[in-house]
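Residue numbers (this note's numbering): 359 to 589.
Only one structure is covered here, and it is reproduced in the block below.
See below:
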């Protein structure tokens, strides 16, 4: 069994469900699939259910009164919409009941050295919405130095989590999760997302430092644990 000493969690007591941000973000996702996702998140007690912005009101209604928080994406998946558009998108989602935002940062500003603009965009979202903002770095598109720089900027801007990927341009790796965990110095959480479909993959991300796992395979992960005989 994988050692989880870095997180201070004994293997026998690991509750994987507590890490999972259940996610349904495919462009053709149906209302019926969204409703099923709500049921899955409730059944297993996942911290959040992340859905496209157009489904936020529906999910808020169905999860009302439950501990499962509604999450959505902002500037997804490219991150190159204007800061004003991102702010409107984020504020509308929060007004509708969303409590966590996965925000795709603007890599154009990072690559061009427009670091003040990148910082200002994230800081404005944090200040104006007052909810948990997770900054998606899209690590597969960055050099090691760019990953560090982007992470440091987002932490300084007030992001609550550093997030590896949208899953559209490459997924999470334990090495990238570990890098973000080292950058965070305990100040923020780390969310691993993209391509996590097995318990072994999820455990590897947690060992590397992830405090959240973003995946659309939440049900399959729970079924795999049950097949293992894990309580």
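C-beta: ideal position from N, C-alpha, C; glycine also.
Can you tell which of 401, 430, 424 and 402 has the C-alpha that lies nearest to the C-alpha of residue 415? Closest by alpha carbon: 430.
Neighbour-count burial assignment, residue 380, 16 or more Cβ in a 10 Å radius: buried
Please specify which runs of the alpha helix (DSSP H), each continuous and at least 4 residues long, are wholly inside the segment 384–443, giving them in chain order. 389–402 and 414–421
Apply the 10 Å Cβ neighbour rule to residue 405 and answer buried if 16 or more other Cβ atoms are within range, or exposed otherwise. Classification for residue 405: buried.
For residue 538 and residue 509, which I take to be in contact (beta-carbon distance under 8 Å), what is that distance rounded to the nearest angstrom? 6 Å
With residue 517 as the anchor, note down where its alpha helix (DSSP H) starts and where it stops. Segment: none, residue 517 is in no alpha helix (DSSP H) and carries neither H nor E.
Backbone CA spacing between residue 354 and residue 563 [nearest angstrom]: Outside the displayed range of the chain (359 to 589) lies residue 354, so it cannot be described from this structure.
If I'm right that residue 458 touches residue 492 with Cβ under 8 Å, what's the distance once you round it to whole angstroms? 7 Å
Which same chain residues, not among the five before or five after residue 420, have their C-beta less than 7 Å away from its C-beta? The beta carbon of residue 420 is closer than 7 Å to those of 393 and 396 in its chain, skipping five residues each way along the sequence.
Residue 384 Cβ short of 6 Å to the ligand SAH heavy atom set: Absence of the ligand SAH is noted for the structure shown, with no ligands found whatsoever.
When you compare the CB positions of residue 603 and residue 568, do they come within less than 7 Å of one another, or not? This structure cannot settle anything about residue 603, because the visible part of the chain is limited to 359 through 589.
Taking all protein chains shown into account, decide if residue 386 is buried (16 or more other Cβ within 10 angstroms of its Cβ) or exposed. Exposed.
For a quick check, are the C-beta atoms of residue 409 and residue 418 less than 7 Å apart? no
Determine whether the beta carbon atoms of residue 553 and residue 529 lie at a separation below 7 Å. yes
With H, G and I counted as helix, E and B as strand and the rest as coil, what does DSSP make of residue 545? Coil, per DSSP.
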